[in-house]
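Below: the structure, in structure tokens.
Numbering (mature numbering (1 follows the signal peptide of the UniProt record, and there is no 0)), first residue to last: -19 to -1, 1 to 171.
In structure tokens:
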């Protein structure tokens, strides 16, 4: 793969994580750059590891990964999104901005990062068939995701300030929408 195709692939793999990061940013109380960088690093590392894992699965698991990746992503993102919507609906409208958390748990970020990176695992499996050096491709995907997620969290901060106390509902709808879009793309391609 040349530089341009690697960069295009990296950007394509990071778009789901970017949308999820906006939702994560809206659910936080004025996220700082340190939290955005932390979130970006968690997503970026996971997004870099999954194509390596897909590469390792190789020929033996290609049909299994491709057959289920969209359903797994939809279930994980849908559940996280639904949880955020329910939490937002339960929130008292009189609650202040201070009631929002200042950071997400590592487990929640890792789960969301994994859900948005399952397609990168399938890409890794596919790249194993065409004899591509997976390490620079995985590094590019991880770096692009790191940048996009960091920016997404900060964009979510702005959106959270604009939409007010119901930002968590919007963030949950965004996560659910990302999962539904992944599912639709894979089902429509069949």
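Virtual Cβ for every residue (Gly too), placed ideally from N, Cα, C.
Looking at residue 159: is its Cβ nearer than 8 Å to the Cβ of residue 2?
Residue 159 sits at position 178 when you count from the first residue of the chain shown. Residue 2 sits at position 21 when you count from the first residue of the chain shown. No, Cβ-Cβ distance for residue 159 and residue 2 is not below 8 Å.
Minimum C-alpha distance to residue 18 - residue among 163, 130, 136 and 161:
Residue 18 sits at position 37 when you count from the first residue of the chain shown. It is 130.
Using a Cβ-Cβ cutoff of less than 7 Å, which residues in the same chain neighbour residue 115 once the five nearest sequence positions on both sides are dropped?
Working through the chain shown from its first residue, we reach residue 115 at position 134. The answer, listed in chain order, is 32, 33, 36, 105 and 108.
Alpha carbon of residue 91 to alpha carbon of residue 102, nearest angstrom:
Position 110 of the chain shown, counted from the start, is the residue given in the question as residue 91. Position 121 of the chain shown, counted from the start, is the residue given in the question as residue 102. For residue 91 and residue 102, the distance between alpha carbons rounds to 15 Å.
Ordered along the chain, which non-local residues of its own chain (more than five positions away) have a Cβ less than 6 Å from that of residue 139?
In the chain shown, the residue the question calls residue 139 occupies position 158. Nothing meets the Cβ criterion.
Does residue 97 come out as helix, strand or coil in the three-state DSSP assignment?
As a working mapping, residue 97 is identified with position 116 in the chain shown. Here residue 97 sits in helix by DSSP.
Between the CA atoms of residue -11 and residue 163 - distance to the nearest angstrom
Start at 1 with the first residue of the chain shown, and residue 163 comes out as number 182. Start at 1 with the first residue of the chain shown, and residue -11 comes out as number 9. Distance between the alpha carbons of residue 163 and residue -11 is about 16 Å.
Helix, strand or coil for residue 190 per DSSP?
Any property of residue 190 remains undetermined from this structure, which presents the chain solely from -19 to 171.
Whose CA, out of 10, 165, 52 and 119, lies closest to the CA of residue 30?
Here residue 30 refers to the residue found at position 49 of the chain shown. Looking at the Cα atoms, 119 is the closest of the given residues.
Report the residue from 81, 121 and 15 whose alpha carbon sits nearest the alpha carbon of residue -15.
What you label residue -15 is simply residue 5 of the chain shown in a count that begins at 1. The shortest C-alpha separation from residue -15 is found at 121.
Within a Cβ cutoff of 7 Å, which residues of the same chain sit near residue 117, ignoring the five residues on either side of it in sequence?
Counted from its first residue, the chain shown places residue 117 at position 136. The residues are -14.
Comparing C-alpha positions only, which one of 51, 89, 98 and 132 sits nearest to residue 172?
Since the first residue of the chain shown is -19 and the last is 171, residue 172 is not available in this structure.
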